[in-house]
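Remarks on the structure that follows.
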Amino acid sequence: MSGGVDSAVAAARAHAAGHDVTGVHLALARNPQTFRTGARGCCTLEDSRDARRAADVIGIPFYVWDMAEQFKADVVDDFVAEYAAGRTPNPCLRCNEKIKFEAVLDRAVALGFDAVVTGHHARLGADGLLRRSVDEGKDQSYVLAVLTREQLDRAVFPLGDSTKARVREEAAERGLAVADKPDSHDICFISDGDTQGFLQRQLGDAPGDIVDGRTGERLGSHNGAYGFTVGQRKGLDLRVPAADGRPRYVLSITPVTNTVTVGPREDLEVGVVTASKVIWHGESTSVECDVQLRAHGEVYPATVTIEGDTLTARLTSPARGVAAGQAIVAYQRSADGDIVLGSATITASAPLATARA
Amino acid sequence: MLDEALAAYVAAAREVGNPSSLHAAGRHARRLVEESRERIAAALGARPSEVIFTSGGTESDNLAVKGIFWARRAGSLNRSRVVASSVEHHAVMDSADWLGTHEGAQLSWLPVDEAGRVDPASLASLLASYAEEVAVISVQWANNEVGTVQPVAELARLAADAGIPFHTDAVQALGQVPVDFAASGAAAMTVTGHKVGGPVGVGALLLGRDVACTPLLHGGGQERDVRSGTLDTAGVAAFAVAVETTVKSQAAYAQRVGDLRDELVARVRAAVPDAILNGDPADRLPGNAHFSFPGCEGDALLLLLDAQGVCCSTGSACSAGVAQPSHVLVAMGADDDRARSSLRFTLGHTSTLADVDELLAALPGAVERARRATAWKTPR
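Keeping their order, the protein sequence lines are chains A and B. In terms of our numbering, the first sequence opens at residue 2 and continues consecutively. In terms of our numbering, the second sequence opens at residue 3 and continues consecutively.
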């Protein structure tokens with residue numbers, strides 16, 4: 002129970018359904034003030050109190066579990082290391098994978114609980130299939146697709162069949178004071194929302210070159226390649242205009258040479274995505290389906306093939322700004338909510354032309 | 003609250019009257035306050051004028067440590083050292099820390115042995131070097147976590163010989179062991195209501211008549227000009243009844259609850275042979291049993307026992323609710339794992355053998371599960 006409205010209503014629904022529910026709030030920093038001091042986030046004292054009050058209203062026991070060590074090792078340090086390696090991590094996904102459905106779940110099972118209930122917006126029904134929430138705008142199946150079959154078998158998502166608006170209404174009906182609490186958006190361990198500043202403090206200055214992807218010409222310099230994300234246009238601070246005067250975008254980041262490569266928008270276009278660390282629920286290892294390449298991103302029709310621990314997706318139309326480190330999640334279209342077939346971590350991408358060649 | 007204390011509270015709370023008012027209702031309230039002061043003084047071996055009512059233990063500790071420090075340093079700028087044991091309650095510890103951070107105080111923490119006991123020789127040797135610098139010494143009467151009773155009279159005598167005011171936090175000790183302010187030789191002593199079956203929010207600092215103490219709170223100067231604030235007549239009346247009742251029954255209580263505690267300790271050791279009893283094995287509070295359960299995390303055990311109707315305590319938690327490794331156990335030489343594996347069982351007036359049976363029915367299974375729950379932490 003983060004102290005937000007979703008987990009409060011999820012707990013209330015699980016309790017109302019007759020389960021023996023215990024509320025757990027995760028303390029993710031030894032000294033909570035060292036993380037977020039603002040009004041919103043996942044680990045403030047205010048959130049801990051809000052979660053406790055929600056548990057009181059629901060009428061369930063409530064405890065705070067100290068997950069600071071695991072969170073730092075598996076989420077924060079991983080986040081920094083991924084940026085240092087030129088990739089773009091998703092810490093919420095990592096937190097689901099390593100904290101909520103591993104550290105918390107394992108401890109809970111050892112203590113005698115059967116499952117972990119969360120307030121994620123996704124559907125997980127009796128058929129065991131993970132589907133998008135009915136609220137497409139709030140759907141969180143993308144950051145849950147990393148869960149294995151074993152993890153899903155011990156997960157309960159009571160909110161998947163409700164819109165966020167309905168969840169807020171229900172919170173108010175149940176007398177939960179968090180009903181109108183604002184949503185959290187930012188990364189919870191970056192207190193001021195300044196990701197670049199956070200990375201700069203963690204990784205220090207690492208000056209390098211910005212080069213043109215087509216000509217190899219050096220166009221400028223940067224203070225740390227971690228400050229860039231594939232697809233980024235702003236903040237390149239290039240003094241040399243492009244020959245055709247069109248804007249340039251970050252195409253790739255090469256940590257070995259500490260180089261940021263830029264080029265025109267069309268060079269961002271990607272037709273083939275390869276990924277590793279595959280979690281696959283589908284029966285067939287070669288399917289026509291949709292793929293999503295970043296959180297809240299659009300979906301692309303593709304042919305997805307699994308070979309060993311490598312997933313390859315051939316897109317029928319190009320995608321732009323595909324960053325290594327992000328998850329690729331495959332969905333099978335369904336009238337009852339698109340079904341998650343599997344997920345993997347993007348390692349490389351290539352333009353369509355190369356793929357055809 | 004004890005029935006007698008509750009009855010005294012309700013009776014007094016029905017009456018109108020501020021004890022500082024001069025009219026009849028005020029005089030009636032004042033009389034009740036002064037009778038209460040006399041009863042408390044009589045029960046604790048103090049003079050009535052030595053009883054300063056406060057809002058409880060935290061305020062009394064702050065007043066004693068900071069107030070005596072300020073008064074002594076005002077007398078001589080040299081006197082800027084605060085001496086306290088390393089197992090004090092946070093109300094003393096954090097007051098001393100605050101003086102160190104904001105008032106330039108030097109701090110000396112007295113070590114404890116593995117039973118949590120301060121060796122008077124360590125105070126003697128400290129005074130041999132620093133007696134001229136010390137403004138105030140504070141050592142608790144008994145520890146709130148592991149129950150160890152401190153050699154207060156010996157420590158107070160050393161302090162008195164050096165001409166230094168000695169404060170003792172007796173919050174945990176009152177009603178559990180014999181507590182006599184005059185006989186202890188202490189210059190100041192903290193007591194509070196809710197630990198003796200009185201109301202929460204009322205306590206006292208017993209302060210020797212000749213001990214200078216600078217106020218924390220300024221205003222009407224109601225309590226000997228050392229403490230300001232309208233007195234809570236009903237709270238004070240109930241507090242006095244609770245103190246009197248508890249002190250009167252202390253010996254019988256200690257016998258009964260001490261026997262029950264010994265039974266609990268023996269049965270826990272039989273059920274969990276590697277459990278470690280923390281604190282002084284003999285010289286401890288009668289209702290206190292404090293164990294480390296190797297391989298368990300205290301908060302996991304607490305959750306499991308709580309679910310079976312057994313309320314116990316892991317020690318302190320930060321404001322977000324995260325259990326912290328106890329500074330008391332760390333001072334006693336425990337490592338982080340042992341400190342985190344600890345649990346306190348407290349027995350009191352209402353405890354019976356049936357409660358011990360209930361604990362022992364739940365404990366072995368809880369320990370086994372908690373041990374399994376620790377396994378997820380080991381790298382896979």
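We put the CB at the ideal spot given by N, CA and C, even for glycine.
Problem - Candidates A:Gly5, A:His223 and A:Gly322: closest to valine 168 of chain A by CA position - result: A:Gly5
Handout entry: Burial state of proline 21 of chain B (16 or more Cβ within 10 Å)
Key = buried
Handout entry: Contact set for glycine 289 of chain B: own chain, Cβ-Cβ below 7 angstroms, skip 5 residues either direction
Key = Gln178, Val259, Arg263, Thr348, Leu349 and Gly350
Practice task
Please go through the stretch 195 to 249 of chain A and give each complete beta strand (DSSP E) segment of 3 or more residues, from N-terminal end onward.
Solution key: 209 to 213 and 219 to 223
Practice task
Return the CA-CA distance between alanine 40 of chain A and glutamine 326 of chain B, expressed in angstroms with no decimal places.
Solution key: A caution first: alanine 40 of chain A carries a pLDDT of 37, below 50, which makes its placement in the model unreliable, though a value can still be read off. Computed Cα separation, rounded: 25 angstroms.
Practice task
Taking only beta carbons into account, state which residues of the stretch 64 to 84 of chain A come closer than 9 angstroms to chain B, listed in chain order.
Solution key: Tyr64, Val65, Trp66, Asp67, Ala69, Glu70 and Gln71
Handout entry: Contact set between alanine 111 of chain A and chain B, taken where Cβ atoms lie within less than 9 angstroms
Key = Ala302, Arg371, Ala372, Arg373, Arg374, Ala375, Thr376, Ala377 and Trp378
Practice task
State the Cα-Cα distance for the pair threonine 317 of chain A and glycine 272 of chain A, rounded to the nearest angstrom.
Solution key: 7 angstroms
Problem - Backbone CA spacing between valine 231 of chain A and aspartate 78 of chain A [nearest angstrom] - result: 21 angstroms
Problem - DSSP state of alanine 277 of chain B mapped onto helix, strand, coil - result: coil
Exercise for the section: Closer than 6 angstroms by C-beta to serine 344 of chain A: which residues in its own chain qualify, once you throw out the five before and the five after it? Chain order, please. Expected result: Ala146, Val147, Ile280, Ala328 and Val330
Handout entry: Residues near alanine 27 of chain B by beta carbon distance below 6 angstroms, same chain, minus five either side
Key = Val18 and Gly19
Handout entry: Coil, strand or helix - glutamine 310 of chain B by DSSP
Key = coil
Exercise for the section: Using beta-carbon positions only, say whether serine 142 of chain A and arginine 155 of chain A come within less than 8 angstroms of one another. Expected result: no
Exercise for the section: For the beta strand (DSSP E) containing tryptophan 66 of chain A, list its first residue and its last residue. Expected result: 63 to 67
Problem - Secondary structure of methionine 95 of chain B, DSSP reduced to three states - result: helix
Exercise for the section: Could you check if alanine 74 of chain A is buried or exposed, using at least 16 other CB atoms within 10 Å of its CB as the buried criterion? Expected result: exposed
Problem - Cα-Cα separation, serine 344 of chain B to glutamate 299 of chain B - result: 7 angstroms
Problem - From A:Val274, A:Val292 and A:Phe199, residue whose alpha carbon lies closest to that of phenylalanine 80 of chain A - result: A:Phe199
Problem - Cutoff 6 angstroms; reference proline 167 of chain B; Cβ partners in own chain excluding five residues on either side - result: Ile70, Val138, Ala189 and Val213
Practice task
Check the Cβ-Cβ distances between valine 324 of chain B and every residue of chain A, and say whether any is below 8 angstroms.
Solution key: yes
Problem - Residues that DSSP places opposite cysteine 290 of chain A in a beta bridge - result: A:Ala303
Problem - Where alanine 32 of chain B sits in the DSSP three-state scheme - result: Residue identity check: residue 32 of chain B is arginine in the sequence provided, not alanine. The answer is helix: DSSP assigns arginine 32 of chain B an H, G or I state.
Problem - In chain order, each beta strand (DSSP E) run of at least 3 residues that lies wholly inside the stretch 61 to 128 of chain B - result: 83 to 87 and 108 to 112
Handout entry: DSSP state of arginine 340 of chain B mapped onto helix, strand, coil
Key = helix
Practice task
State the Cα-Cα distance for the pair glycine 77 of chain B and valine 202 of chain B, rounded to the nearest angstrom.
Solution key: 35 angstroms
Handout entry: Where leucine 316 of chain A sits in the DSSP three-state scheme
Key = strand
Practice task
Please confirm if leucine 157 of chain B has its CB atom under 8 angstroms from at least one CB of chain A.
Solution key: no
Handout entry: Three-way DSSP call (helix, strand, coil) for alanine 371 of chain A in this model
Key = For chain A, the structure presents residues 2 to 358; residue 371 of chain A sits outside this window and is missing.
Handout entry: the stretch 217 to 236 of chain B touching the stretch 4 to 16 of chain B, judged by at least three CB pairs closer than 8 angstroms
Key = yes
Exercise for the section: Go through its chain and collect everything with a Cβ distance to proline 92 of chain A's Cβ below 7 angstroms, but skip five positions before and after it. Expected result: Val76, Phe80 and Ile188
Exercise for the section: Determine the burial state of arginine 219 of chain A: buried for a count of at least 16 other Cβ atoms within 10 Å of its Cβ, exposed for fewer. Expected result: exposed
Problem - Between the CA atoms of lysine 165 of chain A and isoleucine 307 of chain A - distance to the nearest angstrom - result: 35 angstroms
Practice task
Give a yes or no on contact between the stretch 261 to 268 of chain A and the stretch 293 to 311 of chain A, applying the rule of three or more CB pairs nearer than 8 angstroms.
Solution key: no
Handout entry: Chain-ordered chain A contacts of aspartate 308 of chain B [CB-CB under 9 angstroms]
Key = Pro62 and Tyr64
Problem - Boundaries of the beta strand (DSSP E) in which glycine 272 of chain A is found, first to last residue - result: 270 to 281
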